[in-house]
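Undergrad: The end of the sequence shown is residue 823 by our numbering, with every number in the run present. Beta carbons: idealized from backbone N, C-alpha and C, even for Gly.
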Amino acid sequence: MEIGITNCTVWNVYGPAEATIDCTVHCVHVGNDAQSIPVGRPLSNYRCMIMNQYLQSSTTTGEGELFVGGVGVFAGYLERDDLTAKALLEIDGHLFYRTGDLVTIDNNGLLHYQGRKDHQIKLHGQRIELGEIERCFLNITSVSACVVMKWKDDHLVAYVQSFNIGEKVLREHCQSHLPLHMIPSCFVILDKLPLNANGKIDRKLLPPPNLSSIHLTDHDELLLPINETEIIIHHIWCDLLKQNQISTNKNIFTLGGHSLLIMQLFHQYKTQFHLEPNTLSITDLFQHPTITDHAQLISRTMHLTKNVNEYHWSSLHIMKARASFPQERIFLDEQIRFSSTHNNTNNMYLIPLIYRISSMNDHISISRVQHAFQSIIKRHQILRTALSLDTNGTIIQHSLDANAIISDKKSSRFSIINLLDQEHEQNEIVKILNQSDLFDLSIGHVINCHILRHQQSNHSMSYNDDLLTKDDIIMFTIHHAMFDGASTSIFIRDLTLAYQSNDLLLIDDNSFQYIDYSIHEHIMDVTLSQDFWLLELKGYNLLRQLSLPADRHRASTNQQRSSLASTVQITFDDEICALCLNYASSHHLTLFQLGLSIFYVFLFKLTHGETDLCISSINANRYRSELVNMIGMFVSTLPYRVELDPHWSFVEVVKYVREKCLSIFEHSHYPLQLMLGDNQLNQSNVSFLEIMFDFITISNDVEHLYLNDAILKQVSLEGIAEMAKFDFSLTFVYNPLSDNKRLSCWLFCSYDLFEKSTILKIAQRFQYMLEQLFQTKPSNMPVSDMNSSINKVSLILPEEAEEMELAIIHRSKNIMNE
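1) Per the DSSP calculation, ARG46 is bridged to which residue(s)?
2) Give me the DSSP bridge partner(s) of ARG361.
3) Can the beta-carbon of SER320 be found closer than 8 Å to that of PHE517?
4) Could you pull the start and end residues of the beta strand (DSSP E) that LYS197 belongs to?
5) What number of angstroms, rounded off, separates the C-alpha of VAL18 from the C-alpha of VAL33?
6) What did DSSP end up calling ALA24 once you bin it into helix, strand or coil?
7) Taking 8 Å as the cut-off, decide whether the C-beta atoms of LEU649 and THR616 are in contact.
8) Any idea what DSSP makes of LEU115, helix, strand or coil?
9) Can you tell me which of the three DSSP states TYR354 falls into?
10) Are the segment 496-507 and the segment 705-724 touching, with three or more C-beta to C-beta distances below 8 Å?
11) Where PRO783 and THR474 are concerned, what is the direct C-alpha to C-alpha distance, given to the nearest angstrom?
12) Quick one: grab the DSSP three-state call for LEU290.
13) Can you find the residues in the same chain that come closer than 8 Å, C-beta to C-beta, to HIS485, ignoring five residues on each side of it along the sequence?
14) For ASP395, which residues of its own chain have a beta-carbon under 6 Å away from its beta-carbon, when the five flanking residues on both sides are left out?
15) Of the residues SER641, SER794, THR763, which one's Cα is nearest the Cα of TYR675?
16) As a quick exercise: from ASP106, THR25, LEU175, PHE609, pick the residue whose alpha carbon is nearest that of LYS122.
17) Given a threshold of 16 other Cβ atoms within 10 Å of its Cβ, counted over all protein chains shown, does SER149 qualify as buried or as exposed?
18) Below 8 Å, can you find three or more Cβ-Cβ pairs linking the segment 653-670 to the segment 273-292?
19) Decide yes or no for the touch test of the segment 518-532 against the segment 726-743: beta carbon pairs closer than 8 Å, at least 3 of them.
20) Which parts of the segment 78-107 are runs of the alpha helix (DSSP H), unbroken and 4 residues or longer, counting only runs that do not cross its ends?
21) Any idea what DSSP makes of THR14, helix, strand or coil?
22) What whole-angstrom Cβ distance do TYR628 and VAL647 have, given they're in contact under 8 Å?
23) For the candidate residues TYR645, LYS766, ILE767, VAL798, whose alpha-carbon lies nearest to that of GLN780?
24) Output needed for PHE72: all residues of its chain with C-beta closer than 6 Å, excluding positions within five of it in sequence on either side, in chain order.
25) Residues in its own chain within less than 6 Å of VAL691 by CB, not counting five upstream and five downstream?
26) Just reading off the alpha helix (DSSP H) that ASN432 is part of, what are its end residues?
27) Do ILE194 and GLU172 have their C-beta atoms closer together than 8 Å?
28) Have a look at LYS325 and SER534 and give me their C-alpha separation to the nearest angstrom.
29) Quick one, are the C-beta atoms of HIS293 and LEU302 less than 8 Å apart?
30) Taking the C-alpha atoms as reference points, what is the distance between ARG549 and THR297?
31) State the DSSP-derived secondary structure class of LYS325, mapped to helix, strand or coil.
32) What is the residue span of the beta strand (DSSP E) that LYS831 lies within?
33) In chain order, what residues of the same chain have a beta carbon less than 6 Å from the beta carbon of MET809, not counting five sequence neighbours either side?
34) Would LEU210 and VAL152 qualify as a contact pair, given that the criterion is a beta-carbon distance under 8 Å?
35) Can you tell me the Cα-Cα spacing of ILE145 and GLU139, whole angstroms?
36) Since ARG121 sits in a beta bridge, which residues does DSSP pair it with?
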């Protein structure tokens, strides 16, 4: 272009053979087109359309596939109807050829070529442009040609044409010029790449790679512990994560790490290494997520240790005391916030555990299950504890005598129900869940065991009334005031031990019980945490309600709730799951922190730009080693307040939310009641309590129940027991046991405010927003990447945008006609 530039005009002409050579043209202007030369505009009698993968038209800046229509479009491939059917598409009565080329259109109406559609692949959830990798290789002077391919959905393979280059040089070049996910796993170096009759590289003739020769890159190598501290920490990690070996440089969040797991590590470190109080913080463990990091932290901490033991909480040998803060919260919630006029609110705070025998060869003894069940009640005082109001209006807990509770025939804690057929099973489960006398907190009736046995079709001599067989069900119902999610694995563990031994569980009269925790909780010094929360909520109106798109409104915040729910499940495809998991691990995030960041961006858009957002979330709150292996209700409900900047990118929001979560974590034990008291409020009229975010990780410890050789699988209650404790609640569910769709969401909303149709639309908007944030569609997306402003995220669905565009065009035509 530099030669004779003043004497000639340069035209860039584009077109595939199927469009009879040329279909677009652009007159090149050296100054304007210095960065990228467009392929221009359609020639006369040609028409170009940019379509996404759903064959929806793309708008300005949206990348899509180019479709060409007009006089030059070919009639088809000779004797290849199969190829013709794929290549030609009829749109509005006109024939279009799909070029396979990806293009964008700028504000001037000029088309810009972006690459080939078939050269853009997805590997492990990441979108990769193969041409970009190939261009990286071609920048090496000794490489004359290159092809990069995806091999069997697992690996990137680079075929390089060169006479004097080695694999090590190629890999080092990639590591210095490409992101980690774009570095090929295998390099095949050839003197000459095979060509077809047209002189193009024939990919079908490329030799298969020798995958056994793939070298582990640095981040994949297994690094073993090198000192005593690392060996101890490695053993703790392997035990908690149920792994045989873990590399000392492996990020714990890539292994499914979460806040409760970090807390368990924290307690084990304090016990194992005899660490002093306040010398190691949980925040430190979050911010330094490898075995090596933790070893260095502990080594530095041990130098500061003066062997002064932390004040240990011990048993107070009492049977009656004030209820714990979590118990008080649930007790009042049941009495005040929820109406008792609806049948389904009788057991608002019910935790069901339902297990089904999965194999024809498995048999379980009913009498041994009953014995094991009674053993657990004897061992854990909290499962035989009464709650009631005293004359001063204080909620009191009273631990009752185990033998008296078990021998009480009036309260049928253990029952056997014979089912006539499979169809009656679900009806019976629902009946139990809605049973009005399922619990009676005043007399300590807080747990039940129900045996659901299918009637045998053949009552032969071999039939045994004591045995449960395939499809029979063991169902436990426990009141939430005595039991939280983290209690489930402890309950299952003790039930298994008691059943297998067919003997009473070891009971230590000096063991630390839940009632002891309640006393310590009420007398502990929380001054620092009080100061933290006063500063955290300063200037925020806790009575202010967010502007959610509700169909109905309450007359006042004190109005009772029905607990009727409008619910919808939001499932994510494997690509979004992989992208979320990869993003969390690479940015040292828990999935809770990532999910909460996504929820904040969604609320920011759903409320039309509100930036000062305060919602509630829950914390396991097992902040001391004495509480880790105890059954009880410890969960704290906390306000999570953020002040977003609309110009922040999603990346900046995530960083902000992560720091917010870490700061809250150190003060998560501060009770909600004290927090509200500091602000002269009560829990019946605080708006942030009505918007909840939660994150649940499915654990193998509770998915199955093993009773000797019998295996029982947990029964899902999806669609059976749906209640709304909050007005608007989003729950992320992570199932590491699943081969696909490991992430999903549940949107639980109060039917008092939201119609089902409204919730379905909100769910669609949430899913569409997630696709924008993680760029999972090559279609027209309002946001180009996570570094764009959250202002640019759109909740307007593509079909809605299309309707709006048509309405504008229709109105413009009417105006012109007028």
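TA: Well, looking at it:
1) Paired residue(s): VAL30.
2) Partner(s): ILE478, LYS718.
3) Contact flag set, yes.
4) Careful: LYS197 lies outside any beta strand (DSSP E) and carries neither H nor E.
5) If you take the alpha carbons of VAL18 and VAL33, they lie about 10 Å apart.
6) Secondary structure at ALA24: helix, using DSSP grouped into helix, strand and coil.
7) Against a cut-off of 8 Å, the Cβ pair of THR616 and LEU649 comes out as a contact.
8) Coil.
9) Assignment of TYR354 by DSSP, reduced to helix, strand and coil, places it in the coil class.
10) Yes, they touch.
11) With a pLDDT of 45 at PRO783, under the threshold of 50, the modelled position of that residue is not reliable, and no figure is offered here.
12) Three-state DSSP puts LEU290 in a helix.
13) Excluding residues within five positions, the ones whose Cβ falls inside 8 Å are ILE335, TYR354, LEU355, ILE356, MET638.
14) Within the same chain, ASP395 has close Cβ partners ILE401.
15) Nearest of SER641, SER794, THR763 to TYR675, Cα basis: SER641.
16) Nearest option by C-alpha distance: ASP106.
17) By the beta-carbon neighbour count (other beta carbons within 10 angstroms, threshold 16), SER149 is exposed.
18) Output reads yes: the segment 273-292 touches the segment 653-670.
19) The segment 518-532, when compared against the segment 726-743, does not touch it at the 8 Å Cβ threshold.
20) For the segment 78-107, whole alpha helix (DSSP H) runs of length 4 or above, ordered along the chain, are 86-92.
21) It is coil, neither helix nor strand.
22) About 23 Å; that fails the 8 Å criterion.
23) Comparing Cα-Cα distances from GLN780 to each of TYR645, LYS766, ILE767, VAL798, the minimum goes to VAL798.
24) Here the set comprises MET54, MET56, PHE101, ARG103.
25) Contacts found: LEU547.
26) Judged by DSSP secondary structure, ASN432 falls within the alpha helix (DSSP H) whose first and last residues are 428-438.
27) A contact, by the Cβ cut-off of 8 Å.
28) About 28 Å.
29) In contact: HIS293 and LEU302 (Cβ atoms closer than 8 Å).
30) A direct Cα-to-Cα measurement between ARG549 and THR297 gives close to 46 Å.
31) Here LYS325 carries a strand assignment [DSSP, helix/strand/coil].
32) Limits of the chain in this structure are 6 at one end and 823 at the other, which puts residue 831 out of reach.
33) No residues qualify anywhere along the chain.
34) By the CB criterion at 8 Å, LEU210 and VAL152 fall outside the cutoff.
35) GLU139 has its alpha-carbon roughly 11 Å from the corresponding atom of ILE145.
36) Bridge partners of ARG121 according to DSSP: ASP106.
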